[in-house]
DNA sequence: GAGCACTGC
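In my numbering, the protein residues as written are 77 to 762.
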């Protein structure tokens, strides 16, 4: 890094620099009672027209900009108009926090207790009652509900919110609801004609809510459904592009930040970066440059923000900025949709993000890629909007206007980018095939073939791709099919208790072991206490057991301290313990004894894992590299693994991610003989 | 030699 102070660096030239120096007003407004606020929302003016349209049409596409109030108001309008009938209004959300906080907001607006008229339902947490009419649900929850109630008969209206995000689960619902609506209409018509008087099935109304201009596509899919538009309400954000394209976005972000810091009035700065590595490096350079500024200049408070950051450090961004300081938040895409940071007036957008994409291989041994790429127009607009939450804001794009115009309109839907194993299995349970279901965007045929192959290898499907009893059992576990296979395999090896402990940790959303890049030595020595010679799976089990032993006698704050000392993520442990409860009760339902234990014996556990991980395994080659057992890729053990640098005859692993190399993460060493008999077709007779 | 973000009764 150069040692110049930022002032001596050449300025980045943004178009319309003049406008940047003009006055900066701030917003203010007296807070008003909830009902008055409701009436003032942009959507309130269109209430009657909206109800009329929804009443007259089976499907309505509602396009609402940020701040229109559509997500909180439309369900209430439906209720007030009597359109819930005897059923419920479900509103789906891609994120849990959105579902729970929206439900709380709407309950407050109606002056009722959460869980009475208005409730929510997400994994591990359901606040609903017999009189609940408006229910906010995570989209994954509604997919699970579909498996036990294929017509979703409890709901009169289903609102798919944030449909533009095109998550795999929303796409799954968009496709399923189309055929459900036909079936329910037929059933209801039959009832009217007296053909099936016992039927309680009523017609279903579908409302698709979206924020971007993909409306025509949703409309075409639902037989040219009506599209309604609602204006939003956001403070204006002035957008600047660079005059010329930038070669190094981290360097450019550094310069742009100090231009704002030195020239612009108070207000916090949010910088969007693709990942942890860039965030850490920019954090260091901003701090070192800020130290060289004259004492008269406002101090800088740098706050990194990404999902795997320990919660205590994440909390910093929500605390008020100390006076005479400027907060500078360095964030990934987490700040684009998942969290809203108060006080942000300036956004710096590098135009980059990381994207996970599944690469299927015809050999069946595919892997995920996690690479930095350009964002989309939709994403650029969303990022800019983060500057206009509380008052007029400014967005500095570190790319030219021409580059912006050349960005893709929106992200490719998840169904085209990720492994489809679980979705194929879920559809099989509903008696359908992913190849024949009508999706808005059909999945790639190679991904479908890869998913079918995986399901066949783990025994969920038979030779004619028919669902096996084993496959149906796997689908009842709320984990990836290969993890469910491991649990089922543990039954024969008598170690379900140990296996469920490990699977719960693997299925958690974040890693058990914290990774703080400048404390890696301390982390390695803390972890050596738990280290098991076979590798990461049993090391995780040792860590979990040590935590539980400690937790029996210690109080909350000393548990927290213990986790900190051992660099364990307490949030992961808490999540894993909840997942474990679910898995234990699922075991009960499918007739497995989760108490079965082989104590400290490693062989049964590793044998069980090998059954589910045959496809995720590699053999040591004479040249010291590892090559996939099923597939042709050479893989490296991830440096964070307890087996990094170790040479063992064979490994199994949780996932394969291509970043700089193809890395195997979550690795254990197993004897090659364990593969005998667990795979239907081994290549080369190895 | 090192991880974007979500979700599951």
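C-beta: ideal position from N, C-alpha, C; glycine also.
These figures come from a predicted structure and were not determined experimentally.
Point to revise | The alpha helix (DSSP H) enclosing residue 545, as first and last residue numbers | key: 545-551
Practice item. Sort out for me which residues DSSP pairs residue 739 with in a bridge. Key: 712, 733
Point to revise | Alpha-carbon spacing of residue 410 relative to residue 392, whole angstroms | key: 15 Å
Point to revise | 7 Å Cβ shell around residue 647 - same chain, five flanking residues per side excluded | key: 387, 586
Practice item. Can you grab the Cα-Cα spacing for the pair residue 53 / residue 606, in whole Å? Key: Residue 53 lies beyond the stretch modelled for the chain, which goes from 77 to 762, so this question has no answer here.
Review point. Using a Cβ-Cβ cut-off of 6 Å (strictly less than) and excluding sequence neighbours within five positions of residue 429, which residues of its own chain qualify?
Key: 350, 409, 451
Exercise for review: Closer than 6 Å by C-beta to residue 380: which residues in its own chain qualify, once you throw out the five before and the five after it? Chain order, please.
Suggested key: 355, 359, 406
Review point. Would residue 568 be called buried (16 or more neighbouring beta carbons within 10 Å of its own) or exposed?
Key: exposed
Exercise for review: Whole angstroms is fine: what's the gap from residue 655's alpha carbon to residue 649's?
Suggested key: 10 Å
Check your understanding: From residue 665 to residue 244, what does the alpha carbon distance come to, in whole angstroms?
Key -> 27 Å
**Study point:** For residue 372, the nearest candidate out of 491, 557, 400 (CA to CA)
**Key:** 400
Check your understanding: Going by Cα to Cα distance, which pick from 157, 125, 213, 207 is closest to residue 147?
Key -> 213
Exercise for review: Measure the CB-CB distance between residue 235 and residue 318 and report whether it falls below 8 Å.
Suggested key: no
Review point. Rounded to the nearest angstrom, how far is the Cβ of residue 426 from that of residue 329, given a contact under 8 Å?
Key: 6 Å
Exercise for review: Could you name each continuous alpha helix (DSSP H) segment of 4 residues or more that falls completely within the stretch 190-259, going from the start of the chain to the end?
Suggested key: 215-224
Exercise for review: Just the C-alpha distance for residue 588 and residue 616, rounded to the nearest angstrom, thanks.
Suggested key: 7 Å
Review point. Which residues share a DSSP beta bridge with residue 283?
Key: 136, 235
Review point. Does the count of Cβ pairs from the stretch 512-524 and the stretch 454-471 closer than 8 Å reach three?
Key: no
Practice item. Run the CB neighbour count on residue 631, radius 10 Å, all protein chains shown included, and call it buried at 16 or more, exposed below. Key: exposed
**Study point:** Bridge-paired residues (DSSP) for residue 401
**Key:** 375
Review point. Does the Cβ of residue 481 have 16 or more other Cβ atoms within 10 Å, making it buried, or fewer, making it exposed?
Key: exposed
Point to revise | Reduced DSSP category for residue 508 - H, G, I as helix; E, B as strand; rest coil | key: coil
Check your understanding: In or out: residue 107 buried (at least 16 other Cβ within 10 Å) or exposed?
Key -> Because the pLDDT of residue 107 is 44, which lies under 50, any placement of that residue in the model is unreliable, and the number read from its coordinates should be weighed accordingly. By the neighbour-count rule (16 or more Cβ atoms within 10 Å), residue 107 is not buried but exposed.
Check your understanding: Tell me which same chain residues have a C-beta within less than 8 Å of the C-beta of residue 463, skipping the five on either side of it?
Key -> 313, 346, 420, 421, 422, 423, 469, 470, 471
Review point. Between the C-alpha atoms of residue 659 and residue 638, what's the straight-line distance to the nearest angstrom?
Key: 27 Å
Check your understanding: Mind checking whether residue 170 and residue 241 have CB atoms under 8 Å apart?
Key -> yes
Review point. Secondary structure at residue 672, three-state DSSP: helix, strand or coil?
Key: coil
**Study point:** Per-residue burial, residue 223 [other beta carbons within 10 Å of its own, 16 or more giving buried]
**Key:** exposed
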